[in-house]
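In full-length UniProt numbering, the protein residues as written are 1 to 200.
Backbone N, C-alpha and C fix where the C-beta goes; we use that ideal spot for every residue, glycine too.
No experiment lies behind these values; they were computed from the predicted model shown.
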Ligand SMILES: N[C@@H](CCC(=O)N[C@@H](CS)C(=O)NCC(=O)O)C(=O)O
């Protein structure tokens, strides 16, 4: 499998999942400004949405949408603990988190990465992000991970998007449970390896 990524973008989530699962993969860097892969391919020819992550299979087919790629990868492996078994209530709790992170948190960062939104949007979405993180912080009170004691793909996805707070200067330090969570996930070897690989 080939994972098309951009350093520190949301593609870091499936990248970490691949390392957690120990699945073989190749990383292909994409320049999102130029729409070019590091191999010189036009990225729009591969993904008309022009977005990472993109997972390409040996037979040439593709999968997009990071939250779905993460689910797909776990289901290819024997590590169901990262998502929970099909038809268990726990699985849908993880998926509810994945949906919340994708729809409410991930996209609330858009105004900070796309100039066309303008300054007013940044103010609005800083408030939105603070509200969401206040709620997330409460959920993490007394538990290590989003769904309790099990580390899952939702923890990986939340970690990846929440790293962007530093890039945009959003102060989250007063959310002490969230801060502890970020340190806990950031200490994992797979996470450190993925971040290092994307920086190289
Ligand atoms: N719905 C997509 C969104 C992916 C996305 O927002 N990717 C960003 C990087 S984090 C991107 O490629 N942005 C470039 C662009 O939209 O042109 C997903 O969840 O995978």
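May I ask you to check if the CB of residue i is nearer than 7 Å to at least one heavy atom of ligand 1?
{"i": "residue 165", "result": "no"}
{"i": "residue 53", "result": "yes"}
{"i": "residue 177", "result": "no"}
{"i": "residue 6", "result": "yes"}
{"i": "residue 108", "result": "no"}
{"i": "residue 146", "result": "no"}
{"i": "residue 169", "result": "no"}
{"i": "residue 64", "result": "yes"}
{"i": "residue 10", "result": "yes"}
{"i": "residue 103", "result": "no"}
{"i": "residue 67", "result": "yes"}
{"i": "residue 50", "result": "yes"}
Using DSSP with H/G/I as helix, E/B as strand and the rest coil, what is residue i?
{"i": "residue 92", "result": "helix"}
{"i": "residue 145", "result": "strand"}
{"i": "residue 123", "result": "helix"}
{"i": "residue 174", "result": "coil"}
{"i": "residue 186", "result": "helix"}
{"i": "residue 84", "result": "coil"}
{"i": "residue 140", "result": "coil"}
{"i": "residue 150", "result": "coil"}
{"i": "residue 106", "result": "helix"}
{"i": "residue 132", "result": "helix"}
{"i": "residue 169", "result": "coil"}
{"i": "residue 200", "result": "coil"}
Measuring only between beta-carbons, confirm whether residue i sits less than 8 Å from chain E.
{"i": "residue 20", "result": "The structure shown contains no chain E, having only a single protein chain."}
Can you name, in chain order, every residue of its own chain whose Cβ lies under 7 Å from the Cβ of residue i, other than the five neighbours on each side?
{"i": "residue 194", "result": "12, 15, 16 and 19"}
{"i": "residue 35", "result": "42, 43, 44 and 50"}
{"i": "residue 150", "result": "81"}
I'd like the list of long-range same chain contacts for residue i, defined as Cβ closer than 8 Å, with 5 residues on each side in sequence excluded.
{"i": "residue 205", "result": "Since the first residue shown for the chain is 1 and the last is 200, residue 205 is missing from the structure and cannot be characterised."}
Kindly list the residues whose CB is nearer than 6 Å to the CB of residue i, restricted to its own chain and excluding five residues on each side of it in sequence; keep chain order.
{"i": "residue 146", "result": "97, 154 and 155"}
{"i": "residue 56", "result": "2 and 62"}
Item checked: Whole runs of the alpha helix (DSSP H) within the UniProt domain "GST N-terminal" (1 to 81), excluding any shorter than 4 residues -> 12 to 21, 43 to 46 and 66 to 75
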